[in-house]
Amino acid sequence: MKQLKVFLLMIFIGSYCSAQVNFVFLPDVNARTVDGLGVFQVQNLTGKPIAGNVIIIVSEQATLKSGVVVIKTPLVTLPAGNSVFPRNSFVNSSFSFSNNAYASIVSQTRNFPPGEYNFCFRFKPEDKQADESENCFDGSVQPMVPISLLNPADKDTICQKRPVLSWQPPMPFTSAMRFRLLLTEKKKGASVMNLLANAPLVLLDNITSTTVSFPSFAADLKEGHTYCWQVIAYQQGVIISRSEIWEFTVQCTETPPKRTADSYRELKQLVNGNYYIANRYISFAFTNAYRQEKLNYRIIDLTNGLKEIKNTPDVYLVPGLNKIDIDITELGLTVGQSYALKIKPFNEPELEVRFVYKDADPVNK
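Numbers -19 to -1, 1 to 346, taken from mature numbering (1 follows the signal peptide of the UniProt record, and there is no 0), label the letters of the sequence shown in order.
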């Protein structure tokens, strides 16, 4: 037994002494950014100053399973004992990024996208006869603030059959980030995850904003049905954050006005024509050729000193054809009075449509 103890002690002492240089790095604190990799401590156990280069190798283990960046410091002299690695030496290092999406994001933003990473710190002595030393650390990187849905709220009941959907982006956020929106009907006994992934009713990709109108190509949502939706943030094909899956139900408390066959006439056909009869809604088709996010419009009271109507609702647009319904029932308009709808398309002259306000239930007309 005594001989066994001596043998084990010799193995321990030998392994400890063979590591001439040790590194102390905290991935949970400093692994989010490239600059954070320069915050580490060094233990020089040789008892004397030693010169060499520090090489930091970062790889993503979960998805990419490959290298991301290799950092090589200039020649540096490590004092004996414990020391904080000098910042100037790290700043003057050479940075070699791999040829993949993760490396591209890190190179552009200096932030590591979400993933499971391995950080290896290696000391290469100037003396070629001396042994190299290496310590590796595993760390998980997640967004500081994940993406979150805003509207419609979870479990909400709404009357809009073509709702505007909005969300809060993950943080940190960059202008290169894009969003993918998925929406599907909730069905009894079916997995919502599978429906969103394989049979979404609405799939919008490459979204640059955090608010979208219901797409013109999709059919109206159905009264009394429940729908689930999710938004995914990504950059250069790398998923940054997935929102929770929220659901909402379409249920109107009153019968919505029926739309006639000509309800969505092209906006330019209404310009300079006879007065348009606007029964509770102004309905028209508008082609968004310049990727405007919101309709730039105003309503003028033609019989009251050209006064501009306040608190008009926001109208969000998608690229291409939009079928628009502007609800004017809450604007305090006077039945039978004349108004003008003025719309300013991007890089085009202002359009004006004159209309007479009417408030009649088309069902009981």
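We put the CB at the ideal spot given by N, CA and C, even for glycine.
Secondary structure note for S88: its alpha helix (DSSP H) is the uninterrupted segment 82 to 90. Looking only at Q216, A259, F336, the smallest Cα-Cα distance to A84 is reached by Q216. For S77, the secondary structure class from DSSP, reduced to helix, strand or coil, is strand. Burial of F93 is indicated by the presence of at least 16 other C-beta atoms within 10 angstroms of its C-beta.
Taking all protein chains shown into account, K105 has 16 or more neighbouring C-beta atoms within 10 Å of its C-beta and is therefore buried.
With a cutoff of 9 Å on beta-carbon distance, V50 and S88 are scored as near each other. Ranked by Cα distance from A266, the options L248, L131, P181 are led by L248. The continuous alpha helix (DSSP H) containing A178 extends over residues 173 to 179. For S121, same chain residues with a beta-carbon under 6 Å away, outside a window of 5 residues either side, are E97 in chain order. Counting only residues of its own chain and dropping the five nearest sequence neighbours on each side, E333 has a CB closer than 6 Å to the CB of A321, K323. In this structure G19 touches F66 by the C-beta definition: roughly 7 Å separates them, less than 8 Å. By the Cβ rule, the segment 57 to 71 counts as touching the segment 9 to 25, because three or more pairs are nearer than 8 Å. With 16 or more neighbouring CB atoms inside 10 Å of its own CB, L298 falls in the buried class. In the same chain as L302, and ignoring 5 residues on each side of it, the C-beta atoms closer than 7 Å to its own belong to S197, A266, T268, in chain order. Excluding the 5 residues flanking it on each side, A12 has same chain C-beta neighbours closer than 7 Å at F93, Y98, F100, G120, V122, in chain order.
Here DSSP, grouped into helix, strand and coil, assigns S190 to coil.
Where D201 is concerned, there is no enclosing alpha helix (DSSP H), because DSSP gives it neither an H nor an E. DSSP, reduced to helix, strand and coil, places R68 within a helical segment of the structure shown. Boundaries of the alpha helix (DSSP H) around V10: 8 to 11. By the CB criterion at 9 Å, S319 and L283 fall inside the cutoff.
For a cut-off of 8 Å, the C-beta gap from L130 to W227 is around 5 Å, short enough to register as a contact. If you draw a 10 Å sphere on the C-beta of Y278, you find 16 or more other C-beta atoms in it, and that means buried.
Counting C-beta pairs closer than 8 Å gives three or more between the segment 149 to 167 and the segment 203 to 222, which meets the contact rule. Check the Cα spacing between P300 and each of T189, T54, L182, I128: the tightest is with T189. A residue is called buried when at least 16 other Cβ atoms come within 10 angstroms of its Cβ; M158 meets this threshold and is buried. With respect to the 9 Å criterion, V183 and S147 are not classified as neighbours on the basis of their beta carbons. Annotated as distal: F195 and T138, with beta-carbon spacing of 9 Å or more. Within a 10 Å sphere around the beta-carbon of D135 sit fewer than 16 other beta-carbons, which makes this residue exposed. It is roughly 11 Å from the alpha-carbon of D201 to the alpha-carbon of K304. When the Cα atoms are used, A111 and C117 turn out to be separated by approximately 20 Å.
In the three-state reduction of the DSSP assignment, D306 falls in the strand class, which pools E and B. Between T310 and R261, the CB-CB gap stays under 9 Å. The alpha-carbon separation between K142 and N285 amounts to approximately 34 Å. In the assembly as shown, Q232 is an exposed residue. Its beta-carbon has fewer than 16 other beta-carbons within 10 Å. DSSP lists I281, R335 as the bridge partner or partners of A321. Annotation: F336 to P144 spans about 25 Å, alpha carbon to alpha carbon.
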